[in-house]
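Asks: The listed protein sequences derive, respectively, from chains R and X. Counting from 3, one number per residue, gives the positions in the first sequence under this note's numbering. Counting from 3, one number per residue, gives the positions in the second sequence under this note's numbering. Here a beta-carbon is modelled for each residue, glycine too, at the ideal position from N, C-alpha and C. Here the structure is a predicted model, which is why all the values come from computation and not from measurement.
Protein chains: 2
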Amino acid sequence: MNQPISTQEKLLSAARNLFWTRGYSNVSVRDIAKDAGADAALVSRYFGSKQGLFEATLSEIPPWPALNAAPGDLLDAAAASFSRPFDPCADQANPFTMLMANVNDPEMGQTVREMVQRHLADPLAEKLGGPKADTRAAMLLGALFGMALMRKHFQLEALASGSVNEIEAQIRHLAQAAMRFAE
Amino acid sequence: MNQPISTQEKLLSAARNLFWTRGYSNVSVRDIAKDAGADAALVSRYFGSKQGLFEATLSEIPPWPALNAAPGDLLDAAAASFSRPFDPCADQANPFTMLMANVNDPEMGQTVREMVQRHLADPLAEKLGGPKADTRAAMLLGALFGMALMRKHFQLEALASGSVNEIEAQIRHLAQAAMRFAE
DNA sequence: CCGGGAAGTCAACACTTGTTGACAACTGCC
DNA sequence: GGCAGTTGTCAACAAGTGTTGACTTCCCGG
């Protein structure tokens, strides 16, 4: 166990940490190489280009667990998936922060937008069903991302210091309202 | 009336459009100068630096109208201020998009975070009053920004094509739930 | 031992960035 | 007209960007 980590894996891990928190354009390959303790030229060698490295970090994201939850557990699963990473990586960068950090990126924004539509909004609408399923799905995601924005990005004092239980309760409250929306 | 617009004003207007939609680091002074039909060197001359130009675009933002609304109209005012710009500028860039486009910026993120805390979250909590006012204010802003994120940034199909009335009704629904939160 | 391929290092490239200073053109006042 | 002050233009700079190619170093099978 615990076999020595290859330089390629170190680069991928450092890239995930930096790209997923700072955003694609705000990270240079030299930043990544420095964090990985490697040479910047190896990025082009192993991944073809900076863009190739970014896409490599995207390729290993598992599907959102809330989509497989039982209908009664959907709210809990959704709330939990924000405050805790839902992927195997142990660091703080998680797929939600990645989406928010890169939506506005001039080069990767389109890629990220399509991911949200196809991997989150569309499957969630299908799972919800009923009238205005797509609208309610979008509102549920809005509540989820909105609270993430307030807590992690804007770092509002009222939320930043709260416990995991508190933030989950707040998200559940908003998400529940979203699910019940029918004009 | 309609006096000739100075080059300085053209630069400021172009800077607002670009900084407020693409984000500070994703815009170069040459981009701004090109849009304004001026020379990039004039940015440093008139505003001291690129950062000075950005701060000039921030200095003329009026207070959020929802904070002056009657208690009964707060929800309507809040919902309206998202879908329509609440400042005098006629273009599509509004203070909310500015906040979202720059919260993750490596240079201006801190400035923007403090603006949200001091100009939105704190006054809103004071206006709401009652138990957990700061938490409910943060949740209300979370609902507001979350829906803005889904509609304008992620451009979810279920929301992007909706009318102003529809998006306002959705925001009101979530914001109302936020105001009623008490654990 | 030895040759080949992988792994890593380093310098250089073309390009973009913000900023500066020298220079030209124009305006209004004496 | 002559002159000062503003306004605009242009070239250049230092720094940082992604990427490439040549080079050395290491390891392992023959």
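(1) Report the option in R:Thr23, R:Asn28, R:Ala17 whose CA atom is closest to the CA atom of Pro108 (chain R).
(2) For a quick check, are the C-beta atoms of Lys134 (chain R) and Phe183 (chain R) less than 9 Å apart?
(3) Would you mind telling me which residues of chain R sit closer than 7 Å to Pro108 (chain X), beta carbon to beta carbon, in chain order?
(4) Interface residues of chain X around Ala160 (chain R) at Cβ under 8 Å?
(5) Sorted by chain position, which residues of the same chain lie with C-beta nearer than 7 Å to Met102 (chain R)'s C-beta, five sequence neighbours on each side aside?
(6) Inspect the CB distances between the region 163-174 of chain R and the region 74-81 of chain R and report whether three or more fall short of 8 Å.
(7) Does the structure place the region 59-73 of chain X close enough to the region 115-126 of chain X that three or more beta carbon pairs sit under 8 Å?
(8) For the alpha helix (DSSP H) containing Val105 (chain R), name the first residue and the last one.
(9) Could you check if Gln53 (chain R) belongs to the surroundings of the ligand SAH, using beta carbon to heavy atom distance under 8 Å?
(10) Nearest-angstrom Cα distance between Val118 (chain R) and Lys12 (chain X)?
(11) Answer yes or no: do Ala160 (chain R) and Ala179 (chain X) have a C-beta to C-beta separation smaller than 9 Å?
(12) Measure the C-alpha to C-alpha separation of Asn106 (chain R) and Ile7 (chain R) and round it to an integer number of angstroms.
(13) Taking only three categories from DSSP, how would you classify Trp66 (chain R)?
(14) Starting from Val45 (chain R) and walking both ways along the alpha helix (DSSP H), at which residues does that stretch end?
(15) Do Leu176 (chain R) and Leu143 (chain X) come within 9 Å of each other at the CB atom, strictly closer than that value?
(16) Is DSSP giving Ala17 (chain X) helix, strand or coil here?
(17) If the criterion is Cβ atoms closer than 9 Å, does the pair Ala145 (chain R) and Arg153 (chain R) meet it?
(18) Which stretch, first to last residue, makes up the alpha helix (DSSP H) that contains Ile34 (chain R)?
(19) Buried or exposed for Ala72 (chain X), going by 16 or more other Cβ atoms inside 10 Å?
(20) Could you compute how far the alpha carbon of Arg138 (chain X) sits from the alpha carbon of Phe84 (chain X)?
(21) Have a look at Gly25 (chain R) and Asn19 (chain R) and give me their C-alpha separation to the nearest angstrom.
(22) Output, in sequence order along the chain, the residues in the region 41-67 of chain X whose CB is closer than 9 Å to any CB in chain R.
(23) What in chain R is Cβ-close to Arg115 (chain X), meaning under 9 Å?
(24) Ignore the nearest five residues each way along the sequence and tell me which others in Met100 (chain X)'s own chain have a CB closer than 6 Å to its CB.
(25) Pull up the distance between the alpha-carbon of Pro97 (chain R) and that of Arg47 (chain X), whole angstroms please.
(26) Our contact map puts Ala58 (chain X) next to Leu14 (chain X) with C-beta atoms below 8 Å; I'd like the distance itself, whole angstroms only.
(27) To the nearest angstrom, how far is it from the Cα of Phe49 (chain R) to the Cα of Glu116 (chain R)?
(28) Sort X:Ser61, X:Gln157, X:Ala17 by Cα distance to Ala95 (chain X) and report the nearest one.
(29) Would you give the residue range spanned by the alpha helix (DSSP H) that Gly148 (chain R) belongs to?
(30) Compare the C-alpha of Ser51 (chain X) against each of X:Val31, X:Arg174, X:Gly39 and name the closest.
(31) In chain R, what lies closer than 9 Å to Ala82 (chain X) by C-beta?
Replies: Taking the geometry as given:
(1) Looking at the Cα atoms, R:Asn28 is the closest of the given residues.
(2) Yes, these two residues count as a Cβ contact at 9 Å.
(3) Within chain R, the residues near Pro108 (chain X) are Arg24, Asn28.
(4) What Ala160 (chain R) touches in chain X, judged by beta-carbon distance under 8 Å, is Ala123, Ala127, Asp136, Thr137, Ala139, Ala140, going in chain order.
(5) Taken in chain order, the residues that qualify are Phe147, Ala150, Leu151, His155.
(6) Yes, the region 163-174 of chain R is in contact with the region 74-81 of chain R.
(7) Enough Cβ pairs lie closer than 8 Å, so yes.
(8) Val105 (chain R) -> no alpha helix (DSSP H), and no H or E assigned at all.
(9) Ligands are entirely absent from the displayed structure, and the ligand SAH is therefore not among its contents.
(10) Put simply, the backbone Cα of Val118 (chain R) is about 37 Å away from that of Lys12 (chain X).
(11) No, these two residues do not count as a Cβ contact at 9 Å.
(12) Take the alpha-carbon of Asn106 (chain R) and the one of Ile7 (chain R): they are about 33 Å apart.
(13) In the three-state DSSP reduction, Trp66 (chain R) falls in the coil class, being neither helix nor strand.
(14) It spans 43-49 - the alpha helix (DSSP H) in which Val45 (chain R) sits, taken as one unbroken run.
(15) Not in contact: Leu143 (chain X) and Leu176 (chain R) (Cβ atoms no closer than 9 Å).
(16) Here Ala17 (chain X) sits in helix by DSSP.
(17) For Ala145 (chain R) and Arg153 (chain R), no; Cβs fall outside 9 Å.
(18) Bounds of the alpha helix (DSSP H) holding Ile34 (chain R) are 31-38.
(19) Ala72 (chain X) is exposed by the Cβ-count criterion.
(20) Arg138 (chain X) and Phe84 (chain X): Cα-Cα distance of roughly 18 Å.
(21) Taken atom to atom, the span from the alpha-carbon of Gly25 (chain R) to that of Asn19 (chain R) is near 10 Å.
(22) Correct list: empty, as no residue qualifies.
(23) In chain order: His155, Phe156, Gln157, Leu158.
(24) Trp22.
(25) Taking the straight line joining both Cα atoms gives about 43 Å.
(26) Indeed, because the Cβ distance is near 6 Å, the residues count as touching under 8 Å.
(27) If I take the Cα positions, the gap works out to 22 Å.
(28) The shortest C-alpha separation from Ala95 (chain X) is found at X:Ala17.
(29) Start and end: 135-150.
(30) It is X:Val31.
(31) Correct list: empty, because the minimum Cβ distance to chain R is about 17 Å.
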